[in-house]
Amino acid sequence: MATTCVYFLPYFMLDRTRPPLFKEIESIDFPWPEAHSLENGIPLYALNVGMHPIVEIELVFQSGSLYEVLPGAASFTTSMLLEGTKSKTAQQIAQLMDYYGATITTRSQADFCCVTLSTLSRHLTPMLVLFVEVLCEASFSSKAFKLQQAQKTQAIQIAEKKNKRVAYKHFYQTLFTEQHPYGKQLTIEDVAALRVQDLYVHYENSFFSGCMAFVSGQFTATELQSIKQSLRQLPTHQRAQKQFQLPSNAIHKKTAVPSGKRLQSAVVIGKKLLKKDETDFLPMLVVNELLGGYFGSRLMRNIREEKGYTYGIHSSMVALQEAGYFVVATEVAQAVTQPTIREIYKEIEQLQQDLVQEEELKTVQNYLLGHFLTTINDPFGMMQKFQAAHLYGLDRSYYTALYHHIRNTTAVEIRDLAQKYLSLNTLVEVVVG
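Under this note's numbering, residues 1041 to 1473 are what the sequence shown spells out, in order.
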């Protein structure tokens, strides 16, 4: 008996011969958190959006390495918070987080130290108790501290064997000097000199300085009130006022560091540049993106795609509280180190001399705006963008200005900015290899 097969075609079939419709991004807009103030003076910013019952609480303290008295005190104090409290061991803390499917993480940077809790809303109450205990009742166990000292010493030893890490070390020291916290790199000797008592001093006098709380995710008014009640238990410190003299830009200073028998060289080129609140910072983001800020940039096309010198090369505009800098970094075979450097300078010179074509500029503009939208597709990304403005004294108009400069910066302005800020005789060049 013959079998008849009947195929049902869908009512609508996607025509893959035609590209999807292109739509211009007309603005950058996302919810802004509500501002609250706790009884202990800590400002709290709450962003209640999202489709999933997850809450993230991040505390940002102005107590990074910029404000420490002894090198390493800020980073060790921050990381030791999860190594035990007066009533719980590090293992018990980890077991509680595992049981509730939550995380508490710490990180220390040049300007800030951060402690972050991520948890399901239904587990908020027990995790808030643990969060505050970790913050307020750290035990600073001598045994755990010695282990962290050993781990940090090993990490430094490993880093010193990596060309790129050594190149960045010399780059920062040249830009900011070894005396400035931005230029000083933690050494094995610094780690060995630290004592548990030094962490207590930093914790008691500096760690809680300038605390700000950021709450994002999906939460009820009752849950927000619980967060406020918990965080008002935190001590507060006035931020230490420190004045550091930043050196002027070096005049095309070159540093070559031999690295033994390694086959690759690390190249880092750049200069001190603009802080985030300076007028030309935003249009310079477009210049940077054209040069080396994304996979389709000029440096990538030239040095990776055409020459085959490297797997990747990237340029960045980095903003810190007290300074900013521009940097190009890559790793290449030693045999093509100098040709790579020549091509980097060639691409910078072309930005200074020739007007970028309309199609290339349009591609970069669309990429920058499209990429930005991918970073604000959840409440935590939105809060990060809020922090990226707020922590630098900027408000919502920063993102209005960002859209304006990305969309409207012209080829002539790009050429003029490259001439103004990327003069080759102001760039620091570090080669390790």
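Every residue, glycine too, gets a C-beta built ideally from N, C-alpha and C.
What you are looking at is a predicted structure, and each value in this text was computed from that prediction instead of being measured.
Do the CB positions of residue i and residue j come within less than 8 Å of each other?
i     : j     : result
T1159 : A1134 : no
C1153 : A1114 : yes
V1308 : A1207 : yes
L1087 : P1071 : yes
I1144 : L1122 : yes
M1120 : F1180 : yes
G1090 : Q1149 : no
I1068 : L1330 : no
I1343 : E1318 : no
M1422 : S1161 : no
V1100 : L1413 : no
K1316 : A1261 : no
Y1365 : L1215 : yes
T1146 : Y1243 : no
R1302 : G1124 : no
Q1273 : C1176 : yes
F1321 : T1276 : no
A1130 : A1184 : yes
Please report how far the alpha carbon of residue i lies from the alpha carbon of residue j, in whole angstroms.
i     : j     : result
L1157 : I1097 : 5 Å
L1467 : S1270 : 49 Å
Q1132 : K1126 : 12 Å
N1406 : I1065 : 8 Å
G1352 : K1268 : 46 Å
K1201 : E1469 : 20 Å
A1363 : V1452 : 27 Å
P1073 : V1404 : 30 Å
Q1285 : H1210 : 19 Å
Y1140 : A1458 : 52 Å
V1326 : G1332 : 10 Å
E1345 : S1077 : 53 Å
Q1475 : L1106 : The structure shown does not extend to residue 1475, since the chain spans only 1041 to 1473, so no value can be given for it.
L1187 : R1205 : 23 Å
I1094 : E1263 : 12 Å
A1075 : A1253 : 10 Å
N1465 : H1292 : 5 Å
M1340 : K1347 : 10 Å
A1375 : T1350 : 12 Å
S1266 : Q1258 : 14 Å
Run the CB neighbour count on residue i, radius 10 Å, all protein chains shown included, and call it buried at 16 or more, exposed below.
i     : result
P1323 : buried
H1092 : exposed
I1198 : exposed
G1433 : exposed
K1312 : buried
A1369 : buried
N1328 : buried
P1287 : exposed
N1203 : buried
S1437 : exposed
P1419 : buried
D1022 : Coverage of the chain is limited to positions 1041 through 1473, which leaves residue 1022 absent and any answer about it impossible.
H1411 : exposed
T1380 : buried
S1246 : buried
Which whole-angstrom value describes the C-beta separation of residue i and residue j, a residue pair presumed to lie in contact below a C-beta threshold of 8 Å?
i     : j     : result
V1367 : S1356 : 6 Å
Q1102 : G1250 : 3 Å
A1428 : D1435 : In fact, because the Cβ distance is near 12 Å, the residues do not count as touching under 8 Å.
R1455 : L1395 : 6 Å
V1471 : S1305 : 6 Å
Between residue i and chain C, is there a C-beta pair that is closer than 8 Å?
i     : result
D1317 : Among the protein chains of the structure shown there is no chain C, as only one such chain exists.
Worksheet item: Is the segment 1164-1181 close to the segment 1213-1227, with three or more CB pairs under 8 Å?
Response: no
Worksheet item: Between the segment 1082-1090 and the segment 1224-1238, do three or more beta carbon pairs fall short of 8 Å?
Response: They do not touch, by the three-pair rule.
Discussion item. For the segment 1385-1402 against the segment 1331-1348, do three or more pairs of beta-carbon atoms, one drawn from each stretch, fall closer than 8 Å, so that the two count as touching?
Written reply: Touching, yes, given that three or more Cβ pairs across the two stretches are closer than 8 Å.
Discussion item. For the pair the segment 1228-1238 and the segment 1185-1201, tell me if three or more CB-CB distances fall below 8 Å.
Written reply: yes
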